[in-house]
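Chemist:
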Amino acid sequence: FPTGTKWRFVNRTKNAKKYVVCNADESEPGTFKDRLILEGDPHSIVEAMAIAAYSVGADEGYFYIRGEYVLAQERVRKAIEQAKEMGFLGKNIFGTDFKLELHVHAGAGAYICGEETALIESIEGRRGEPRPRPPYPTTNGLWGKPTLVNNVETMANVAPILRNGADWYRSFGPKFSPGTKVYTILGNVNVTGLIEVPMGITLREVIAIYGKGMKKGKTFKLAQTGGSSGSIVPAILQDTPMDFDSFNKAGVALGSGALLICDEDTCVVDLAKTLLNFFRKESCGKCNPCRIGNQRAFEILTNISEGTGTMSDLTDLMNLSDNLYQLSNCGLGQTSGAPIRDILNHYRAEVEAHIRLKVCPTGICPMSGKKI
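Here the sequence shown stands for residues 3 to 374, numbered as in this note's numbering.
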């Protein structure tokens with residue numbers, strides 16, 4: 003959702019009380035960019051929160067930081083204290099009527115609280131479960147007031163854009179998806195880590211330039227982009243520019259910026275099973291499609307990995323994937339079926355080998371003959 007549009011909605015909503023929230027509940031597996039930003043430059047995000055609050059008319063804000071990020075919490079709290087001492091927060095900021103109080107709220111380990119309405123529920127002291135939408139947080143957010151929610155990477159871009167101008171920002175990346183993107187590189191590459199590069203770079207370039215090639219000279223098979231809620235991107239798309247427009251046209255998602263690079267020894271059934279196991283455990287259980295659908299999908303994938311799957315299971319998996327996308331209450335359930343669609347669209351022959359031949363081509367799955 004365009005950041006400027008969201009800010010405009012909150013700005014134009016008439017209410018004496020408004021809030022800004024920085025979503026730092028970074029819980030996507032393989033993603034740690036927010037952690038490094040908050041630990042390394044917390045003042046930049048405090049500054050962005052102040053700019054955002056001034057822009058939308060808010061006078062109070064919250065950092066919602068993943069519970070495991072203890073050092074990030076400490077450094078943000080310290081940055082807030084220092085900003086207060088310098089007169090950048092509090093009352094009469096820079097001699098004006100503008101005031102702003104910022105707080106740090108630690109999460110409790112629930113993946114679902116990365117969803118903005120579940121995050122709001124958590125700040126309010128309730129169980130982290132997504133709210134029905136509409137109404138949206140821009141009009142009815144924290145304690146029923148207009149609330150602006152942005153993530154850490156978005157906030158990190160605010161001050162540089164104001165300082166250097168929109169044209170400067172648009173000079174990076176392609177025309178329709180300008181700017182830079184922070185990626186975490188993981189998996190079967192020689193060098194892992196964190197990079198910031200212009201939008202539009204390709205997977206092939208990331209692997210060659212920043213990953214220094216595949217480990218042991220093996221062949222690139224796929225990338226899991228955006229953590230568990232992203233996409234399984236096959237090798238045939240490794241030259242597709244990694245920007246929102248190009249990836250959308252290719253039917254895959256860029257997501258949070260995690261890049262799990264996988265080689266020829268990766269089993270797509272095992273990968274999808276691992277992802278569905280994550281989703282079934284992290285589902286809040288509020289809606290039936292997500293609570294039951296993820297569990298059932300995991301069971302079917304487990305049977306396939308044990309050599310007891312049937313061809314009708316593939317139809318059931320696609321139906322479950324569609325139901326998860328269409329009927330789930332929030333983004334967790336809506337994206338959890340993506341691995342199923344991806345492996346059946348791009349690696350169907352490998353999946354069918356587990357069923358027809360009772361063989362895992364990569365030798366990863368146990369194929370024990372057990373059935374759930």
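Where a beta carbon is used, it is the ideal one built from N, C-alpha and C, also for glycine.
Can you tell me whether T364 is helix, strand or coil according to DSSP?
Modeler: Three-state result, T364: coil.
Chemist: What's the gap between the Cα of F3 and the Cα of V72?
Modeler: Taking the straight line joining both Cα atoms gives about 29 Å.
Chemist: Going by Cα to Cα distance, which pick from K288, N159, Y66 and G189 is closest to P134?
Modeler: Nearest of K288, N159, Y66 and G189 to P134, Cα basis: K288.
Chemist: Between the Cα of R129 and the Cα atoms of I294, G295 and S285, which residue gives the shortest distance?
Modeler: It is S285 whose Cα lies nearest to the Cα of R129.
Chemist: Count the other CB atoms, across all protein chains shown, that sit within 10 Å of the CB of A18; report buried if there are 16 or more and exposed otherwise.
Modeler: Answer is exposed; the Cβ neighbour count stays below 16.
Chemist: Could you compute how far the alpha carbon of G32 sits from the alpha carbon of K177?
Modeler: Looking at the two C-alpha atoms, the distance is approximately 29 Å.
Chemist: With a Cβ-Cβ cutoff of 8 Å, do N190 and G215 count as a contact?
Modeler: Their beta carbons are not under 8 Å apart, which means N190 does not touch G215 by this criterion.
Chemist: With 16 as the cutoff for other CB atoms within 10 Å, does I374 come out buried or exposed?
Modeler: Exposed, because fewer than 16 other Cβ atoms sit within 10 Å of the Cβ of I374.
Chemist: Please confirm whether any heavy atom of the ligand GDP lies closer than 7 Å to the CB of A340.
Modeler: Looking for the ligand GDP in the displayed structure turns up nothing, as the structure carries no ligands at all.
Chemist: Between which two residues does the beta strand (DSSP E) carrying Q226 extend?
Modeler: Note, Q226: beta strand (DSSP E), F222 to T227.
Chemist: Quick one: using the 10 Å Cβ neighbour count with 16 as the cut-off for buried, is T7 buried or exposed?
Modeler: Burial call: exposed.
Chemist: How is the beta strand (DSSP E) around P1 delimited, first residue to last?
Modeler: The question about residue 1 has no answer, for the chain in this structure spans 3 to 374.
Chemist: So, helix, strand or coil for N152, using DSSP?
Modeler: DSSP places N152 in strand when its eight states are reduced to three.
Chemist: For V2, which of helix, strand or coil comes out of DSSP?
Modeler: The structure shown does not extend to residue 2, since the chain spans only 3 to 374, so no value can be given for it.
Chemist: So the candidates are L322, E198 and K20; which of them puts its Cα closest to the Cα of R298?
Modeler: Taking only the C-alpha atoms, the option nearest R298 is L322.
Chemist: Out of P162, L104, Y64 and E70, which one is the CA nearest neighbour of E118?
Modeler: When each option's Cα is compared against that of E118, the closest is Y64.
Chemist: Taking the alpha-carbon of A161 as reference, which of L150, D43 and I263 has the nearest alpha-carbon?
Modeler: The residue with the shortest Cα to Cα distance from A161 is D43.
Chemist: According to DSSP, is L91 helix, strand or coil?
Modeler: Of the three classes helix, strand and coil, the one that applies to L91 here is coil, per DSSP.
Chemist: Looking at the strands, I want to know which residues DSSP matches up with K183.
Modeler: K183 pairs with V199.
Chemist: Provide the residue span of the alpha helix (DSSP H) that contains C24, from first to last.
Modeler: Run containing C24: none in the alpha helix (DSSP H); it sits in the beta strand (DSSP E), Y21 to A26.
Chemist: Touching or not, the stretch 238 to 252 and the stretch 264 to 280, by the rule of three or more beta carbon pairs under 8 Å?
Modeler: Too few Cβ pairs lie closer than 8 Å, so no.
Chemist: Determine, using beta carbons only, whether T98 comes closer than 8 Å to chain D.
Modeler: This model lacks chain D altogether, as it is built from one protein chain only.
Chemist: Any idea if A81 is buried or exposed, counting beta-carbon neighbours within 10 angstroms, 16 or more meaning buried?
Modeler: Buried.
Chemist: Would you say F281 and S338 are within 8 Å of each other, going by their C-beta atoms?
Modeler: Yes, they are a contact pair.
Chemist: If we count the other Cβ atoms within 10 Å of its Cβ and call it buried at 16 or more, is K283 buried or exposed?
Modeler: So K283 counts as exposed.
Chemist: Which value, in whole angstroms, describes the spacing of the CA atoms of R389 and E83?
Modeler: The question about residue 389 has no answer, for the chain in this structure spans 3 to 374.
Chemist: For I197, which residues from the same chain have a beta carbon less than 6 Å from its beta carbon, with the 5 sequence-adjacent residues on both sides left out?
Modeler: Excluding sequence neighbours, I197 sits near Y185 and Y212.
Chemist: Using a threshold of 8 Å, state whether the C-beta atoms of F174 and M157 are closer than that.
Modeler: No, the Cβ-Cβ distance between F174 and M157 is not below 8 Å.
Chemist: Taking C-alpha atoms, which residue in H107, F96 and M88 lies nearest to V22?
Modeler: Here the closest residue by C-alpha is H107.
Chemist: Beta carbon of A255, beta carbon of S233: below 8 Å?
Modeler: Yes, the pair counts as a contact, with Cβ atoms nearer than the cut-off.
Chemist: Give the DSSP bridge partners of A108, in chain order.
Modeler: Bridge partners of A108: I67.
Chemist: Please tell me whether R37 and A74 are closer than 8 Å, where the distance is taken between their beta carbons.
Modeler: In contact: R37 and A74 (Cβ atoms closer than 8 Å).
Chemist: Specify the secondary structure class of T61 as computed by DSSP and reduced to three states.
Modeler: Reading off the sequence, residue 61 comes out as Asp, not Thr. Here D61 sits in coil by DSSP.
Chemist: Should D27 and R68 be called a contact, given that it needs their Cβ atoms to be closer than 8 Å?
Modeler: Their beta carbons are under 8 Å apart, which means D27 touches R68 by this criterion.
Chemist: Using the Cα positions of N290 and F90, report the straight-line distance between them to the nearest angstrom.
Modeler: Distance between the alpha carbons of N290 and F90: 47 Å.
Chemist: Short of 8 Å in beta carbon distance, which residues of its chain neighbour V2, apart from the five on each side in sequence? Order them along the chain.
Modeler: Nothing can be reported for residue 2, as the shown portion of the chain is limited to 3 through 374.
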